[in-house]
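Worksheet: the structure to be examined is printed underneath.
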Amino acid sequence: MKATLFGVPGSHPSFAAELMLRRKRIDYRRIDLVAVVHRGMLRALRFPGITVPALRLEGKRVQGTRAIAVALDALRPEPPLFPHDPERKRAVSAAEAWGDEVYQPVPRRLVWSSLRRDRSTMSSYLEGARLGVPVSIAARAGAPVIRAAAHVNHASDENVRRDLANLPALLDHVDGLLRAGTIGGADPNVADFQIATSTALLATLDDLRPLLDGRPALEHARRIAPGYPGRTPKVFPAAWLQA
Ligand SMILES: N[C@@H](CCC(=O)N[C@@H](CS)C(=O)NCC(=O)O)C(=O)O
0 MKATLFGVPG
10 SHPSFAAELM
20 LRRKRIDYRR
30 IDLVAVVHRG
40 MLRALRFPGI
50 TVPALRLEGK
60 RVQGTRAIAV
70 ALDALRPEPP
80 LFPHDPERKR
90 AVSAAEAWGD
100 EVYQPVPRRL
110 VWSSLRRDRS
120 TMSSYLEGAR
130 LGVPVSIAAR
140 AGAPVIRAAA
150 HVNHASDENV
160 RRDLANLPAL
170 LDHVDGLLRA
180 GTIGGADPNV
190 ADFQIATSTA
200 LLATLDDLRP
210 LLDGRPALEH
220 ARRIAPGYPG
230 RTPKVFPAAW
240 LQA
């Protein structure tokens with residue numbers, strides 16, 4: 000089976016797709032593209048959309064974590080990413096959709112905003128990246144990429160303050176899904192990969208550690224998405240975090 004995964008270094012949905020490929024024991028080659036520039040690259044590679052993950056699988060192009068999960072289950076049904084039991088499948092699919100639409104954008108905005116404030120540790124997010132150029136060179140192009148990525152991802156101060164205020168409720172929701180057994184079981188499902196990678200990216204921000212430490216959500220992220228790269232020191236004004 001031939002699979003090529005296009006991602007962006009440190010991208011949580013790219014890592015989710017990678018974890019799903021590993022779960023299916025499908026051999027894949029990962030190619031990392033430079034953030035923002037990747038939009039044009041994906042078009043050049045004849046993908047219809049502008050986001051990663053983008054997967055070339057057996058000659059077909061599949062884009063987006065949710066479409067990739069469906070394609071992987073169709074191609075190699077075992078082990079399943081979606082439960083067979085209809086009621087469980089409904090719960091897992093709802094958790095996956097929440098993870099994709101509500102939870103996933105939050106760490107994206109917070110990280111780009113943090114890096115705009117302090118990019119001294121930016122190269123930590125490039126650890127293990129397969130960019131085709133040395134990490135030290137890629138990191139030198141950091142400032143314009145960060146500025147553009149923060150802009151296209153709407154990481155404005157206003158949005159970031161709102162994200163920080165909403166974060167405890169989002170983490171409570173993840174802990175609730177774990178308590179209900181929708182995620183966190185012995186056999187990881189599609190929602191585990193979708194959600195744990197977002198929590199893992201949140202955990203790279205030192206500012207958020209007091210919110211995350213001791214939560215089942217953090218333990219879940221460590222188990223499902225181990226070795227997530229990146230670390231950003233405290234950068235947000237204390238008042239934003241207290242709120
Ligand atoms: N929610 C979708 C989209 C993923 C997404 O937005 N990926 C980001 C990188 S983390 C991206 O490619 N954004 C486009 C851009 O930054 O220009 C998924 O799970 O596949």
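Under numbering that gives the first Met the number 0, the first residue of the sequence shown carries the number 0, and numbering increases by one thereafter. Idealized CB from N, CA, C, for every residue including glycine. Note that the structure is a prediction, hence the values are computed from the model and not measured.
Judged by the Cβ position, H11 qualifies as a neighbour of ligand 1 at the 7 Å threshold, a heavy atom of the ligand being closer than this.
Here N165 is exposed. Its C-beta has fewer than 16 other C-beta atoms within 10 Å. Contact between N152 and R107 holds, with the beta-carbon distance rounding to 5 Å and staying under 8 Å. Only buried fits D162, as 16 or more other CB atoms lie within 10 angstroms of its CB. With contacts defined as CB atoms closer than 8 Å, T64 and P12 qualify as a contacting pair.
The beta carbons of P187 and I223 sit closer together than 8 Å. Residue burial is scored here from C-beta neighbours: G127 has fewer than 16 other C-beta atoms within 10 angstroms and is therefore classed as exposed.
The nearest non-hydrogen atom of ligand 1 is 7 Å or more from the C-beta of R178. Counting along the chain, the unbroken alpha helix (DSSP H) around D156 starts and ends at 156-179. Setting aside the 5 residues that flank it on each side, L211 is surrounded in the same chain by L170, T198, L201, A202, L217, each with a C-beta closer than 8 Å to its C-beta; the list follows chain order. The closest heavy atom of ligand 1 lies less than 7 Å from the beta carbon of H37.
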